[in-house]
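K.L.:
Protein chains in written order, with the numbering used here: chain P, 51 to 534; chain X, 51 to 534.
Glycine is no exception: its CB is placed at the ideal position from the N, C-alpha and C atoms.
Given the structure is predicted, the values throughout are model-derived calculations rather than measurements.
Number of protein chains: 2
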Amino acid sequence: MGETFVVVGGDAAGMSAASKAKRDAPEVDAVVFEKGDWVSYSACGMPYYIEGSVESLSDLVAVDPREFVEERDIDLRLRHEVTGIDPERETVTVRNERGSFDQPYDSLLIATGARATAPPVAGTDLGCVFTLRSLDEARAIREAAERSEANGDAPREPVGPDRKPPEEADPDEDVSAFLRARDPAVVGIVGGGYVGLELADALYERGLEVHLFQRSPHVLGPYADAVAEVVENHLRDRGVRLHLGTPVTGLAGDADVSAVETPDGSVPVDMAILGTGVAPNVELAAEAGVRLGGTGAIATDPYNRTNLDDVYAAGDCAEVQHLITDAPTYVPLALTANRHGRAVGRTVAGRPTKGGGVVGTAVAKVMELEVARTGLTDPDEARDAGFEPVERTITTGSRASYDPGRAPITIHVAADAPTGRLLGASMVGADRVAKRIDTVATALHAGMTLDEVERLDLSYAPPFSPVWDPVLTAAKVLNGALPE
Amino acid sequence: MGETFVVVGGDAAGMSAASKAKRDAPEVDAVVFEKGDWVSYSACGMPYYIEGSVESLSDLVAVDPREFVEERDIDLRLRHEVTGIDPERETVTVRNERGSFDQPYDSLLIATGARATAPPVAGTDLGCVFTLRSLDEARAIREAAERSEANGDAPREPVGPDRKPPEEADPDEDVSAFLRARDPAVVGIVGGGYVGLELADALYERGLEVHLFQRSPHVLGPYADAVAEVVENHLRDRGVRLHLGTPVTGLAGDADVSAVETPDGSVPVDMAILGTGVAPNVELAAEAGVRLGGTGAIATDPYNRTNLDDVYAAGDCAEVQHLITDAPTYVPLALTANRHGRAVGRTVAGRPTKGGGVVGTAVAKVMELEVARTGLTDPDEARDAGFEPVERTITTGSRASYDPGRAPITIHVAADAPTGRLLGASMVGADRVAKRIDTVATALHAGMTLDEVERLDLSYAPPFSPVWDPVLTAAKVLNGALPE
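#1: Among X:H284, X:R256, X:L292, which one has its Cα closest to the Cα of P267 of chain X?
#2: Look up R442 of chain P in the DSSP assignment and give the residues it is bridged to.
#3: At least one CB of chain X closer than 8 Å to the CB of L182 of chain P: is that the case?
#4: Can you pull out the residues from the stretch 510 to 523 of chain P whose beta carbon lies closer than 9 Å to at least one beta carbon of chain X?
#5: Can you name the residues of chain P whose CB is closer than 7 Å to the CB of V408 of chain X?
#6: Does G163 of chain X pass the burial test, meaning 16 or more other C-beta atoms within 10 Å, or should it be called exposed?
#7: Give the interface partners of A450 of chain P over in chain X, defined as CB-CB distance under 8 Å, in chain order.
#8: Verify the CB distance criterion: does L532 of chain P have a CB-CB separation below 8 Å to chain X?
#9: If the cut-off is 7 Å on Cβ atoms, which residues from the stretch 484 to 497 of chain X count as contacting chain P, listed in chain order?
#10: What do you reckon, are the CB atoms on D74 of chain P and G395 of chain P nearer than 8 Å?
#11: Is there a Cβ of chain C sitting closer than 8 Å to that of K70 of chain P, yes or no?
#12: DSSP three-state label for N536 of chain P, please.
#13: Residues of the stretch 374 to 396 of chain X in Cβ contact with chain P at a cutoff of 8 Å, in chain order, please.
#14: Would you decide whether A531 of chain P is buried or exposed? Buried here means 16 or more other CB atoms lie within 10 Å of its CB.
#15: Assign T356 of chain P to one of three DSSP states: helix, strand, or coil.
#16: Which whole-angstrom value describes the C-beta separation of P458 of chain X and D251 of chain X, a residue pair presumed to lie in contact below a C-beta threshold of 8 Å?
#17: Going by beta carbon distance, what residues of the same chain come within less than 6 Å of S184 of chain X, once the five residues before and after it are set aside?
#18: Straight-line CA distance for S108 of chain P to E187 of chain P?
#19: Exposed or buried, P516 of chain X, counting other C-beta atoms within 10 Å across all chains shown (16 or more means buried)?
#20: Can you say whether E105 of chain X is buried or exposed, counting buried as having 16 or more other CB atoms within 10 angstroms of its CB?
#21: So with Cβ pairs under 8 Å, would you call T411 of chain P a contact of chain X?
#22: At a Cβ threshold of 8 Å, is V104 of chain X touching chain P?
#23: Thinking V89 of chain X and G60 of chain X are a contact (beta carbons under 8 Å), I'd like their distance in whole angstroms, please.
#24: With 7 Å as the limit, tell me which residues of the stretch 455 to 473 of chain P have their beta carbon closer than that to any beta carbon of chain X; keep them in chain order.
#25: Could you work out which residue in X:Q153, X:G86, X:G344, X:E259 is closest to L285 of chain X when comparing CA atoms only?
#26: Identify every residue that forms a DSSP beta bridge with F263 of chain P.
#27: Ordered along the chain, which non-local residues of its own chain (more than five positions away) have a Cβ less than 6 Å from that of E311 of chain X?
#28: Is F228 of chain P close to chain X? Criterion is C-beta to C-beta, closer than 8 Å.
#29: F118 of chain X and M65 of chain X: beta carbons closer than 8 Å?
#30: Just to confirm my understanding: we take T403 of chain P, look at its own chain, exclude 5 residues before and 5 after, and list those with CB closer than 6 Å. What are they?
#31: Starting from T489 of chain X, follow the alpha helix (DSSP H) in both directions and report where the run begins and ends.
#32: Does any C-beta atom of chain P lie closer than 8 Å to the C-beta of Y254 of chain X?
#33: Going by beta-carbon coordinates alone, are T499 of chain X and T469 of chain X separated by less than 8 Å?
#34: Compute the Euclidean distance between the alpha carbons of E558 of chain X and P378 of chain X, then round it to the nearest angstrom.
#35: Roughly how many whole angstroms lie between the Cα atoms of L176 of chain P and A347 of chain P?
#36: Please state the DSSP three-state secondary structure of L373 of chain P.
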């Protein structure tokens, strides 16, 4: 008889942990409780499903639940919610549709993920207001958008006062059915982060008129302003209505949302999407006495251990070490969840394994543009971590000057003045930006100085790069700006 | 009066050095002697000019010669050949069309580049046999190919014995004019390295029937066999005739080449291109007593100094330090030439600067494929450098499983078994391979182990990558194969 490894939450971190534990130590009993119907799905793929480039929701499920059960021998229980943890007795209390029971554990992984948060304004509970945190919501949004497309709306025309108000609808009706009946033409997106921008892209492609509301002066908070401005100009050129520096003060409507309210006035919409951030699901952990960190997420050590014996946390509910600031941070992203889940599975199987820190690398597609970032790009954040940041922004070409596919690429880099240590970068462009950020991320992991980055032996061929890759040029320019 | 900085050779290393010296120390007199008509041109762009995606030869010239003279205040002398160096008197002897003169120097940079070498077989001096080492040759090849296209040949049909022999031609005629008259339909390319493959691609696109001859069993010598095989299969699928493991024993013909001869028989061709390698131009240096290294190129220290006082060498004529083997190597590539030239310019201007070593990163486009390499990928080479190489090859997808643009990517990685240190990688695929190699190159610069590479916080979004980037997956698989 092996020990029992109980996992709370069946997404990236949880399923990676259970799979790795069973693979490395088949004698372990791995039991996963997932309160919903879906496991191991790609939240990051939902905008592409809504846009239509991904055909079916089930395409977003990385691994079929049956494979976990039949091939990986994991005891996966869908629609089972863990409602309590007793760290003394080492049991969890589980509720399903037939009632409640206790499940003992030898090791426990809390992988409860995160949820979308609504801004603290009135009206976020109206109908036709969505976040993008579940596949069911993705389905509803796509159905709404498809309806619009099928009806051949003429979107992106001026929104005038005489625009026909949406029809009244029965609030008891199911959301999807309602949306099919409603035929939205205008969407208001609240928040200009990744989710907001990816949905702006997806719904624009679906033919809707898109209004994007951003409280601060620029979209993409953790990017340099010069990089964000490239994205903003591109969105405007394509016809997306940007409302920058514009806090949303409320959503108006009777049963369903009919307008987004701001200090500058009210913008009529047929649907609204909240992309204002996520919060870790920590309530279950906190009630059991698991310590939270300063970010509000679960505090862990490098082995993903919480303060409670035999209790681990990983994924979007947990903090992670930032390799530049050397402090805990909250960066809920898919790769970290997978990597940390896998490390916990290995640890439980008998080989204690560190999940590893992060440098905060991220990338997104926004229409034709690729935007990417890594490290510390905000000077205030860098100063808080004890650095003296200097920064530069360059715009150069993605390929040799004579290559017909060459496109501009804008790169912002930051470094610590006294040491020359690279601190971070953000970049944007239409040609091969996405994977260029990985070079910078790797240099950050290695703690490289600009001198070292400038001398990297990177690849060159005319269709892929100028002789000096833009990353090298950016490092060279910033290095030249360092005080002697 | 500043000191006099004399540069021999007006391509990447030479012009970078002169430009940087003048920029950092305008009082320096920078004199560049270039024996030909062209400076600062992109040899790497010539295949794209021949293919036609680059319109004009002058597009390949990075900087107009007048800019060097008028804006950068460089004393640039075209059609001036340096025929001797007197290190005692610190002068060079220069020949131009009017005669010879001596030019004193305080610092001298030898940047004489490399030349294409012909294989030691008969017939390489026949007409219609080209290398690709000058813009004039690129022009001749393109003119030949365009002629073929314009005449609407039906290329890529079986080459039978009754194929009409090419017309006789006057060997005194100019090559380009001759080619226009000749109308080639079949080209034999000798050598399956970058130049050979890029020209195979370019001439295939131009409508010629392409035969590629490679002495060893696989194209792309410094790549893993599994990676080379992907390229070979792709070329075959597109209709290129591969003759692998087939040494060329001679070129046959009267005035012009008419067949490539091999132990397996003779293949009729209308033109032949030699892509069998390059050799450093070291004769001038060697005669003056400059020490050559074991590779045959000029030996230098980390500051690009030769054994002679005040004499530097950089670019395709010089050795460079390999950062994995810690030994001098000969990797004549554009970025190194630019970087080392720039470092010499800075040194001459008063700030001694190291050019920096290389890890041997390279990339090329071969039809739809991108192929890239870095580090030590050949187990023998790794063993010679004192490592115990282990290696693995994986094939995975370039994007999320549900992304319609996903394409296979094959990655070979090698590491040192006792230490887990990453040694090198080669990769191939049709989607975003090129810049992925830079992540590996950066990890090599940092001396990372597989444990460290596996934990890199790389970027992820469905259109650009699976959650685990293929580089991470390859490192993970190889790490799992290391002895415990």
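P.N.:
Straight from the coordinates:
#1: X:L292
#2: P:V463
#3: no
#4: Y510, A511, P512, P513, F514, S515, V517, W518, D519, V521, L522
#5: The contacting residues are D507.
#6: buried
#7: S92, C94, G95
#8: no
#9: A484, K485, R486, I487, D488, T489, A491, T492, A493, H495, A496
#10: Closer than 8 Å, so yes.
#11: No chain C appears in the structure shown, which is made up of the protein chains P and X.
#12: Given that chain P is displayed from residue 51 to residue 534, the structure contains no residue 536 of chain P and the question cannot be resolved.
#13: L383, A384, L385, T386, N388, R389
#14: exposed
#15: coil
#16: Actually they do not touch by this definition, with Cβ atoms about 19 Å apart.
#17: none
#18: 14 Å
#19: buried
#20: exposed
#21: yes
#22: yes
#23: 4 Å
#24: Within the stretch 455 to 473 of chain P, no residue qualifies.
#25: X:E259
#26: Checking the DSSP bridge columns, you'll see F263 of chain P partnered with P:V240, P:H293.
#27: T299, G300, A302
#28: Confidence in F228 of chain P is poor, its pLDDT being 41 and thus under 50, which makes the residue's placement too unreliable to answer from.
#29: yes
#30: A393, R396, T397
#31: 486 to 495
#32: By this cut-off, Y254 of chain X is not an interface position.
#33: Between T499 of chain X and T469 of chain X, the CB-CB gap stays under 8 Å.
#34: One cannot answer for residue 558 of chain X here, as it falls past the ends of chain X, which runs 51 to 534.
#35: 29 Å
#36: coil
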